[in-house]
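Residues 495 to 595 in the working numbering are what the sequence shown spells out, letter by letter.
To start, the structure under review is shown below, and the notes come after it.
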Amino acid sequence: LGAIILATLSYTLAFNSQPQLTIKAVKNKTFDDFYIIGQTFDTGNIADCLEHCLEDCLCQSFQICGGTKCQLCSSHKEENSSLLHDNDTCIYAMYEMRNAQ
């Protein structure tokens, strides 16, 4: 089983300091090739890859493979999904946006 990494990025709003974005990442997994959006970016930084994903309206998740290759995905894994495949060089990540209260 791949190790699951949880990260929370906080964006402070005028009267609200609650986290608004949560990233869930799975090491040693890659998403099904069918859902890879054509663009790839040369960055191994998860924050940069997330930024590219948020700028693309089709992007629902992303992965970093080989330590430097950011790939955007047009879908995201569901619980117990068979869309994730073993790959020792990849980290698959999806994000959840939370509405400000």
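All C-beta atoms in this analysis are idealised placements derived from N, C-alpha and C, irrespective of residue type, glycine included.
**Outcome for His-570 when other beta-carbon atoms lying within 10 angstroms are tallied against a minimum of 16** = buried
**Item:** N- and C-terminal bounds of the alpha helix (DSSP H) containing His-546
**Value:** Element bounds for His-546: 540-549.
**Asked** Quick one: what's got a C-beta closer than 8 Å to Asp-550's C-beta in the same chain, skipping five residues either side?
**Response** The answer, listed in chain order, is Ile-531, Gln-533, Leu-566.
**Top-ranked residue by Cα proximity to Lys-563, from Met-588, Cys-584, Asp-580** = Cys-584
**Message:** Could you compute how far the alpha carbon of Phe-525 sits from the alpha carbon of Arg-592?
**Reply:** 24 Å
**Message:** At the level of alpha carbons, what is the spacing between Tyr-529 and Leu-548?
**Reply:** Distance between the alpha carbons of Tyr-529 and Leu-548: 16 Å.
**Prompt:** For the candidate residues Lys-518, Ala-541, Ser-568, Asp-527, whose alpha-carbon lies nearest to that of Asn-581?
**Reply:** Of Lys-518, Ala-541, Ser-568, Asp-527, the residue nearest in Cα terms is Asp-527.
**Prompt:** Ordered along the chain, which non-local residues of its own chain (more than five positions away) have a Cβ less than 7 Å from that of Tyr-589?
**Reply:** Leu-515, Thr-516, Ile-517, Leu-544
**Message:** How far does the beta strand (DSSP E) with Glu-590 in it extend, from its first residue to its last?
**Reply:** 578-591
**Request:** For Gln-557, I'd like the list of residues in its chain whose CB is within less than 7 Å of its CB, leaving aside the five on either flank, ordered along the chain.
**Result:** Thr-524, Phe-525, Gln-565, Cys-567, Cys-584, Ile-585, Tyr-586, Ala-587
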